[in-house]
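Listed in order, the protein sequences are those of chains A and B.
In terms of this note's numbering, the first sequence opens at residue 1 and continues consecutively.
In terms of this note's numbering, the second sequence opens at residue 138 and continues consecutively.
Note sheet for the following structure.
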Amino acid sequence: MDRIPILKFGHFLLVTIQVDMYDRLALNLENDLVNAVSKHEARGVLIDISAVSIVDSFMGRIIGNIATMSRIMDAETVVVGMQPAVAITLVELGLPLAGVHTALNVEKGMALLQEKIGLNAHSDAARAEEDDDDQPE
Amino acid sequence: MTMISLNKETLKIGTEQDVILFRQRLKEYATKIGMSLLNQTKLITASSELVRNILVYAKKGEVLIEVVSDRLQTGIRVTFKDQGPGIADVQKALQDGYSTGKSLGLGLPGAKRLVNFFDIQSTPGHGTTVTIIRWKR
Ligand SMILES: Nc1ncnc2c1ncn2[C@@H]1O[C@H](COP(=O)(O)OP(=O)(O)OP(=O)(O)O)[C@@H](O)[C@H]1O
Ligand SMILES: [Mg+2]
């Protein structure tokens, strides 16, 4: 009852929040998501908050925590569908969700995640190549 | 400023369930007077911060929701009242980043930024009363 389902979607985890959050629910989500990232070795977390009309400092902090913990486990977090009124209110409240990627909708969020992960893989490869170039001939 | 109170309701706050109910009732009142979506979001977010302070610091209290009107405008006034420990230095508590609870210290200053009127009265050992007003537009 106090849980939001987490769907596995390839290397990504997808969470759709359908109800307004209260503290217990948000805390459970943080726990469940962090566990799921570790268990499935997920590379990305996508949180759809398009149905959420209130994000206060508690919920905002939870989203920030999820992003920070995920990053430690090598996964990126994207929050999608934030309502304009929610975004404006968060800034005025003083919690502009720094360090969390955002996208307009799930599709764009997926694309952003793919790009982030692709980009990291690419830059790793690029670095490896550069190292090779440094080798004396 | 003479202000008339048109419609009011008191709710007890002691559990997270009460908070959910309170936010729903507040939303109903705000919708009924035709408050803009952005102002509703600001009002409910500010209220969410203040009601959490009741639960965290005083454990219980009550909130009064009122539809108020002066000659120029109509809005919602919410009064948050508890008989908890009170605040020793209110000026400090209103500063961004001040927290006795190892938290972000965003609740009071953030809530203040989100509303049109903000008043706090607190007596150590006796309790705290916070009053806010958000006009319809
Ligand atoms: N109702 C209250 N009763 C007693 N003390 C309070 C009450 N509300 C706030 N305070 C005191 O004022 C401080 C600042 O409150 P504020 O809501 O701004 O920050 P916080 O609750 O510490 O952190 P945050 O709200 O960001 O999680 C609190 O740390 C607490 O000491
Ligand atoms: Mg607080």
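Where is the CB? At the ideal position from N, CA and C, for every residue including glycine.
Check, Outcome
"Short-range partners of chain A found in the region 189-218 of chain B, where Cβ spacing is below 7 Å", "Arg189"
"Short Cβ contact (8 Å threshold) for threonine 178(B) with threonine 89(A)", "yes"
"Proximity test, tyrosine 194(B) beta-carbon vs ligand 1 heavy atom, cut-off 7 Å", "yes"
"Whole runs of the alpha helix (DSSP H) within the region 8-81 of chain A, excluding any shorter than 4 residues", "23-40 and 57-72"
"DSSP state of serine 184(B) mapped onto helix, strand, coil", "helix"
"Where lysine 218(B) falls, given that 16 or more other Cβ within 10 Å makes a residue buried", "buried"
"Proximal residues to valine 227(B) (C-beta, below 7 Å), its chain only, five neighbours per side dropped", "Ile257 and Ser259"
"Status (buried if at least 16 other CB within 10 Å, exposed otherwise) for threonine 152(B)", "exposed"
"Residue range of the unbroken alpha helix (DSSP H) whose run includes lysine 164(B)", "153-169"
"Backbone CA spacing between methionine 69(A) and leucine 174(B) [nearest angstrom]", "33 Å"
"C-alpha distance - lysine 249(B) paired with histidine 40(A), whole-angstrom precision", "42 Å"
"C-alpha gap between lysine 197(B) and alanine 111(A), whole angstroms", "46 Å"
"Three-state secondary structure (DSSP) of isoleucine 88(A)", "helix"
"Simplified DSSP assignment, three categories, for proline 261(B)", "coil"
"Leucine 243(B) versus glycine 94(A) - alpha carbon distance", "7 Å"
"Chain-ordered list of residues that sit, by beta carbon, closer than 5 Å to a heavy atom of ligand 2", "Asn190(B) and Gly244(B)"
"Check: alanine 230(B) C-beta below 7 Å from any heavy atom of ligand 1", "yes"
"Chain-ordered neighbours of proline 246(B) on chain A, where CB pairs are closer than 8 Å", "Gly94"
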